[in-house]
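The next block holds one structure in the form of structure tokens; read it before the comments.
2 protein chains.
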Amino acid sequence: MTKNSTPWVQTVILEAPSLKNNMADTERLLRALNHQLNTDAIHIDLDLVRRLPELLRQYQYRVRCVLWKDHHQWQLLEVSAADDTHMAAGLAIDLGTTRVVLRLVDLASGCPLAELAFDNPQETIGPDILSRIHFAEKEDGLGQLNDLIISGLNSAIGQLCDSRQLTPGHIYALTVAGNTTMTHLFMGLNPRWIIREPYIPVTNNPGVIRAAALGLRVNHRARVLIFPNIGSYFGGDLIAGALFSGIYQNSNTCILVDVGTNAEVLLGNENWLIACAGAAGPALEGGVTRMGMTAGPGVIDQISVDPDTLAFHIHTIDDLPPIGICGSGVIDLAAQLFLSGMIDARGKLLPTVCGPKIKPIDGLAHLVVVPAEESGTGSDLTISQADLDSLMRSKAAMYTILETITESVGITPFELTSFYVAGTFGSFINPESAISIGMLPDLPRDRYKSLGNSSLGGATLALESDTYHDKINQIRERITYLELNVNQDFMNRFSAAKFLPHTNPSLFPSVKTVQKIGI
Amino acid sequence: MTKNSTPWVQTVILEAPSLKNNMADTERLLRALNHQLNTDAIHIDLDLVRRLPELLRQYQYRVRCVLWKDHHQWQLLEVSAADDTHMAAGLAIDLGTTRVVLRLVDLASGCPLAELAFDNPQETIGPDILSRIHFAEKEDGLGQLNDLIISGLNSAIGQLCDSRQLTPGHIYALTVAGNTTMTHLFMGLNPRWIIREPYIPVTNNPGVIRAAALGLRVNHRARVLIFPNIGSYFGGDLIAGALFSGIYQNSNTCILVDVGTNAEVLLGNENWLIACAGAAGPALEGGVTRMGMTAGPGVIDQISVDPDTLAFHIHTIDDLPPIGICGSGVIDLAAQLFLSGMIDARGKLLPTVCGPKIKPIDGLAHLVVVPAEESGTGSDLTISQADLDSLMRSKAAMYTILETITESVGITPFELTSFYVAGTFGSFINPESAISIGMLPDLPRDRYKSLGNSSLGGATLALESDTYHDKINQIRERITYLELNVNQDFMNRFSAAKFLPHTNPSLFPSVKTVQKIGI
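These protein sequence lines are chains A and B, in that order. The first sequence begins at 1 in this note's numbering and counts up one residue at a time. The second sequence begins at 520 in this note's numbering and counts up one residue at a time.
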């Protein structure tokens, strides 16, 4: 047996057939592989069985095998010469609603080779899940949505392979993590019932599917592992994040939060996992203001306010003239406005403090963050009182969800030893700012851990070892889903959280101090 | 749970989705099926998953499911209304070198619906396995042979379905039993190495394959269970025969013999099974004489000789004027010639007894069995001394093989409590005649049991229950294959068996008596 970093590429040296060992070609190879992989269930497609006699004799019974695993069964996908130097590649896909990220991996070592991201082409049909689900109900709407994502992926796969002098035929194994609706649209499943009471997905556990059946142009024997969902509102991207965070094997209770329009939360440790999801509103993703947009060149991602002059110091992605603000920038802005006293504890702009920075537009008070002459658009970049109100609701919802889920297991947020912030957007949030506005609990800052693209991270892990496949199922089976009932108790908590940082300032001791210094 | 004769068709009544039970459609159905089938592994093709939400709602969560099993995994193949009255059909196929037999079965009850047989269209290329294997080595030879059998099957399937007002789309499960070479040609596997030392099949355990991948025009989700082989010379038809005979679960030691050009033998009981195969020569299948042919209208299948007048009393299939003689007829003839004293213990024609019945043709002595004026061909039907010599070698080989395999486990043929004669040809052999010439051991006649088409019988059983699937694998795994070494010991036995009935007449006590009466 040869040593590999992953189990997917095996070198097999077979005894040549003789009268004393006249086992059939297929069983000869499978027996050796069974032994190396410690299994008794390996499947081979008929077209490969047909070629096996020729391949084994051509390579003198010394072969390299490429494998993948489907639940309990291994799949033998390729047989070539033992000294074959052609790459066998894997592809991890983070199937985001807005952005799709692909990571090409050497299947033998698990090492990343290249990455590529592209905007989800379904955005031409609708920016959000809801609009796409409605479109999917039209005549051939689902087909169009499915075509868009599959074509987009095929095109990206081609580019990604080109960049490493590979062809799509070198890709044998794929892992896909997306939210429940994106997973449906990717598989061509009708998402209609996801948004209608009682919120029923077509499947929560797609398992392993042939890439060809999905329309993906990779190796014709390639298989795709699709991350399972817990339900309509807790998708495979979160399961991938849970896998990537390691929360499921931590002896201390940790939390994993994906901050967005929909806040998804996973709480637990090696013994139990509890999940919930709730609407936080679009404010946290920067999707509320005229100037709000997703992160990109020229977008404000950090902001600070000089406590003395109240001048804005902004940072934009790629240091370009500012054209808008992303979610993390909005959180920074709100925190700075609060700490500098430009908004009060209810989130209201204080004209006496803001002075000429406030401009009425269409009869509504707006705060000019970047004046026209400094902006990359030629217009003022502003945030309105309505935008701030929306942000207050979103941050309050986020905090209420965290309070509710921790209380459901009898702990407080302060007992969390690690607070993982997941998702591409999450990784940009400054915990300091999020705590200042009372969106995240006032924990020691080193307990906050940004996971970056944890969905892609989890998808990549699944390309490294079959033990992760088992863990995915363990995570899925172990999670208890907590339905967030918007009852009086929830509404009371929510109302209490709609202050900066909170009606009960003792929950945010560190913010108090900063605020005092700030004013 | 509804009661079915087979597990393949299940009626499932599901709880409708609600906020309290918001399981995904697929898992809702699978959970119920898992429960009914006591499994945790059911696979559904993506195209069926795609249709599931619509089907479940259309049928108000009361559905009929058609399933099949692939090793440890169940396959869900169809979902329709619980009260669907359309037939779900199975098809058992005996894939003979000469003749192919299909049996259509109601998959819900296991009851046979119709049968159809056709000559293997590969006969246009070569009558026997060897000529076909050589043809398969030519450019596209394998493709042609594969096309012939698949087209032949598709055409027969069409006819068979028509006869029962079904369409091929109603067929969801198929079972195929054939010898190792036929199984290869059916699957499009190159049989080249089967006939070359060290005799290596491409696979001995094809398992379950999609009908579509094999080119079979049945339901597009249908699966085909292909019976496994033990090796080059012991095929799936024999495993099917073993299943059908029940030898593998008998507490007494029994034997199963497929008499033909190649004699295949399985000996054993519920604890052990031992198999061997050896060349018996074509004489036993009637393939030696000018008048030899396979069974069909006008072919002599029974013959007796009046001990006083030495007149032949012949019986032909369909009572037509005789045109030839089949294997069972040849065995009858040889027995009668011996018992009436027309041939001696060495199998030599005795001119003094036969008188004018002997005619020289091309300088070789021939016995006229049917004179030209009585035959259906207008010519004499004769058997030559060379034909009889060939039969002597074949029957001696058969007996020697039986002696060798029983001795290998320390018993004699007389200890066998049941002697199963398998195969279509075998079912026509008169044990009395076979014993008279010393081809089969002198057992009480009621121990001989003709199984008819045991290959088709076994294939049909596998359509009745998944427990038979497990038994097929148990049989295959339990069989020890005995290589027949043609050593001095074997040759000594063979020489001793080249007498009528045997050099040692004490082995055939009942024949002695009959012979005395006969002379």
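Even for Gly, the Cβ is constructed at its ideal location relative to N, Cα and C. Note that the structure is predicted; figures quoted are calculated from it, not measured.
Just confirm the distance between the C-beta atoms of B/A794 and B/V778, as a whole number of angstroms; I'd bet it's less than 8 Å.
Indexing the second sequence from 1 puts residue 794 of chain B at position 275. Indexing the second sequence from 1 puts residue 778 of chain B at position 259. That pair is no contact at about 15 Å.
With respect to the beta strand (DSSP E) encompassing A/C530, which residues constitute its N-terminal and C-terminal limits?
In this structure chain A extends from 1 to 519, so residue 530 of chain A is not present and cannot be described.
Relative to the alpha-carbon of A/F312, which residue among A/D319, A/I303, A/N190 and A/E415 has its alpha-carbon at the smallest distance?
The sequence position of residue 312 of chain A within the first sequence is 312, counting from 1. Here the closest residue by C-alpha is A/I303.
Tell me the DSSP secondary structure of B/E789 in three-state form.
Residue numbering aside, residue 789 of chain B sits at position 270 when the second sequence is read from its first letter. Three-state DSSP puts B/E789 in coil, outside helix and strand.
Could you tell me the alpha carbon to alpha carbon distance between A/G178 and A/D237, rounded to whole angstroms?
For the purposes of this step, residue 178 of chain A is taken as residue 178 along the first sequence, with counting starting at 1. For the purposes of this step, residue 237 of chain A is taken as residue 237 along the first sequence, with counting starting at 1. For A/G178 and A/D237, the distance between alpha carbons rounds to 4 Å.
So, is the C-beta of A/S18 closer than 8 Å to a C-beta in chain B?
Position 18 of the first sequence holds residue 18 of chain A. Yes - at least one Cβ of chain B is within 8 Å of the one on A/S18.
Could you tell me which uninterrupted alpha helix (DSSP H) segments, each at least 4 residues in length, are contained entirely in the segment 931 to 975 of chain B, listed from first to last along the chain?
The qualifying runs are 942 to 945 and 950 to 955.
Which same chain residues end up closer than 8 Å to B/L586 when comparing Cβ atoms and leaving out the 5 residues on each side of it in sequence?
Taking the first residue of the second sequence as position 1, residue 586 of chain B is located at position 67. Contacts found: P526, W527, V528, Q529, L552, L556, I561, W593, Q594, L595 and L596.
Among B/T999, B/N790, B/Y752 and B/G754, whose alpha-carbon lies nearest the alpha-carbon of B/Q768?
For the purposes of this step, residue 768 of chain B is taken as residue 249 along the second sequence, with counting starting at 1. Nearest of B/T999, B/N790, B/Y752 and B/G754 to B/Q768, Cα basis: B/N790.
Quick one: does B/A953 have its CB under 8 Å from some CB of chain A?
Numbered from 1 along the second sequence, position 434 holds the residue referred to as residue 953 of chain B. So no, B/A953 is outside the interface.
What ranges does the beta strand (DSSP E) occupy inside the segment 318 to 388 of chain A, keeping only unbroken runs of at least 3 residues that lie completely in it?
As far as the segment 318 to 388 of chain A is concerned, its whole beta strand (DSSP E) runs of at least 3 residues are 358 to 361, 364 to 370 and 381 to 384.
Three or more C-beta pairs closer than 8 Å, one from the segment 942 to 961 of chain B and one from the segment 969 to 989 of chain B: is that the case here?
They touch, by the three-pair rule.
Which residues bound the beta strand (DSSP E) around A/K471?
Within the first sequence, numbered from 1, the residue matching residue 471 of chain A stands at position 471. Run containing A/K471: none in the beta strand (DSSP E); it sits in the alpha helix (DSSP H), D466 to R478.
When the cut-off is 8 Å and only beta carbons count, does A/W193 lie next to chain B?
Along the first sequence, one-based indexing puts residue 193 of chain A at 193. So, interface residue.
Are the C-beta of B/L693 and some C-beta of chain A separated by less than 8 Å?
In the second sequence, residue 693 of chain B corresponds to position 174, counting from 1. No - not a single Cβ of chain A is within 8 Å of the one on B/L693.
Could you name the residues of chain A that B/M706 contacts, counting a contact when the two beta carbons are closer than 9 Å?
Here residue 706 of chain B is taken as the residue at index 187 of the second sequence, counted from 1. L46, V49 and R50, listed in chain order.
DSSP state of B/L1028, grouped into three classes?
Locating residue 1028 of chain B in the second sequence gives position 509, counting from the first residue. According to the sequence provided, residue 1028 of chain B is Pro. The question's Leu does not apply to it. DSSP places B/P1028 in helix when its eight states are reduced to three.
For the segment 193 to 218 of chain A, which residues have a beta carbon sitting closer than 9 Å to at least one beta carbon of chain B?
Those residues of the segment 193 to 218 of chain A that come within reach of chain B (Cβ to Cβ, closer than 9 Å) are W193, E197, P198, Y199, I200, P201, V202, T203, N204, N205, P206, G207, I209, R210, A213 and L214.
Provide the residue(s) that pair with A/H170 in DSSP beta bridges, ordered along the chain.
For the purposes of this step, residue 170 of chain A is taken as residue 170 along the first sequence, with counting starting at 1. In the DSSP output, where bridge partners are listed per residue, A/H170 has none listed.
Are the C-beta of B/L1019 and some C-beta of chain A separated by less than 8 Å?
Taking the second sequence and counting its residues from 1, the one referred to as residue 1019 of chain B is at position 500. So no, B/L1019 is outside the interface.
Using a 10 Å radius around the Cβ and a threshold of 16 neighbouring Cβ atoms, would you call B/Q579 buried or exposed?
Translated into the one-based positions of the second sequence, residue 579 of chain B becomes position 60. Flag for B/Q579 reads exposed.
Report the partner residues of B/S823 according to the DSSP bridge assignment.
As a position in the second sequence, residue 823 of chain B is number 304, starting the count at 1. DSSP lists B/H832 as partners of B/S823.
What is the DSSP secondary structure of A/T11, counted as helix, strand or coil?
On the first sequence, residue 11 of chain A is found 11 positions in, with the first residue counted as 1. Note: A/T11 maps to strand in three-state DSSP.
Just the chain B side, please: which residues come within less than 9 Å of A/G143 by C-beta, in chain order?
The sequence position of residue 143 of chain A within the first sequence is 143, counting from 1. Here the premise fails: no neighbours, minimum Cβ distance about 11 Å.
Measure the CB-CB distance between B/R583 and B/A601 and report whether it falls below 8 Å.
Here residue 583 of chain B corresponds to residue number 64 of the second sequence, with the count starting at 1. Here residue 601 of chain B corresponds to residue number 82 of the second sequence, with the count starting at 1. Yes. Within cutoff.
Based on the DSSP output, what are the partners of A/P112 in its beta bridges?
As a working note, residue 112 of chain A is residue 112 in the first sequence. DSSP output for A/P112 lists A/V105 as bridge partner(s).
Looking at C-beta atoms only, is the number of pairs between the segment 956 to 970 of chain B and the segment 730 to 749 of chain B that lie closer than 8 Å three or more?
The answer is no - the segment 730 to 749 of chain B does not touch the segment 956 to 970 of chain B, with fewer than three Cβ pairs under 8 Å.
Among A/N269, A/R493 and A/A459, which one has its Cα closest to the Cα of A/S418?
Position 418 of the first sequence, counted from the start, is the residue given in the question as residue 418 of chain A. Checked all of A/N269, A/R493 and A/A459; the closest Cα to A/S418 is A/N269.
If the criterion is Cβ atoms closer than 8 Å, does the pair A/A222 and A/I149 meet it?
Here residue 222 of chain A refers to the residue found at position 222 when the first sequence is read from its first residue. Here residue 149 of chain A refers to the residue found at position 149 when the first sequence is read from its first residue. Their beta carbons are not under 8 Å apart, which means A/A222 does not touch A/I149 by this criterion.
Taking buried to mean at least 16 other C-beta atoms within 10 Å of its own C-beta, is B/V619 buried or exposed?
Residue mapping note: residue 619 of chain B aligns to position 100 of the second sequence, counting from 1. With 16 or more other Cβ atoms within 10 Å, it is buried.
Cβ atoms of A/I323 and A/S394: under 8 Å apart, would you say?
Residue mapping note: residue 394 of chain A aligns to position 394 of the first sequence, counting from 1. Residue mapping note: residue 323 of chain A aligns to position 323 of the first sequence, counting from 1. The answer is no: Cβ separation not under 8 Å.
Should B/V721 go down as buried or exposed, given a rule of 16 or more other Cβ atoms within 10 Å for buried?
If you number the second sequence from 1, residue 721 of chain B lands on position 202. With 16 or more other Cβ atoms within 10 Å, it is buried.
Decide if B/M1010 is buried, meaning its Cβ has at least 16 other Cβ atoms within 10 Å, or exposed.
The residue you call residue 1010 of chain B lines up with position 491 of the second sequence. Under this definition B/M1010 is an exposed residue.
Could you check which residue in B/Y1000, B/G629, B/M861 and B/L533 has the C-alpha nearest to that of B/T828?
The residue given as residue 828 of chain B occupies position 309 in the second sequence. Considering only alpha carbons, the answer is B/M861.
Hey, is B/G750's beta-carbon within less than 8 Å of any beta-carbon in chain A?
Working through the second sequence from its first residue, we reach residue 750 of chain B at position 231. Yes, contact with chain A.
Drop a sphere of 10 angstroms on the beta-carbon of A/E464, count the other beta-carbons inside from all chains shown, and report buried for 16 or more, exposed for fewer.
As a working note, residue 464 of chain A is residue 464 in the first sequence. It counts as buried.
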